[in-house]
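Numbering (my numbering), first residue to last: 38 to 171.
Beta carbons are placed, not taken as given, at the ideal position from N, Cα and C, and that holds for glycine.
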């Protein structure tokens, strides 16, 4: 049952990314171009995600056990270290330059544009390479 729930959640997430235009790298890049072709629509997507996410996390805090597993897996670390700061910076620069992050990139594979067909393998190599740096 948890596999079906994961599939449904992933499909809803992917459809939301497509409807919001987040699979289009130009949408993200235009949001970041404050003094050029600025497109504020990404802020509304983020606001919508926060409006849905905050009450969801609040509700989950009230539950004693998740539906499809034995226990919640909440983050336990609260500190900031250099790996977090450097990794976040690399992610942000890559997101700004490429206009995609992992979720939209995988979803954009369904479109089959040449940029995404180059981006996703490069992203996978980068994910693999992080194992070598740890």
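Inset, instruction - Kindly indicate the opening and closing residues of the alpha helix (DSSP H) around residue 45. - result: Mapped onto the chain shown, residue 45 falls at position 8. Taken as a continuous stretch (DSSP letters only), the alpha helix (DSSP H) holding residue 45 covers 39-57.
Legend entry - Backbone secondary structure at residue 222 - three-state DSSP: As displayed, the chain neither begins before 38 nor continues past 171, which places residue 222 out of reach and without an answer.
Inset, instruction - Could you check what DSSP says for residue 149 in three-state terms: helix, strand or coil? - result: Counting from one through the chain shown, the residue named residue 149 turns up at place 112. In this structure, residue 149 counts as coil in the three-state DSSP scheme.
Legend entry - Alpha-carbon spacing of residue 78 relative to residue 63, whole angstroms: Taking the chain shown and counting its residues from 1, one reaches residue 78 at position 41. Taking the chain shown and counting its residues from 1, one reaches residue 63 at position 26. Distance between the alpha carbons of residue 78 and residue 63 is about 12 Å.
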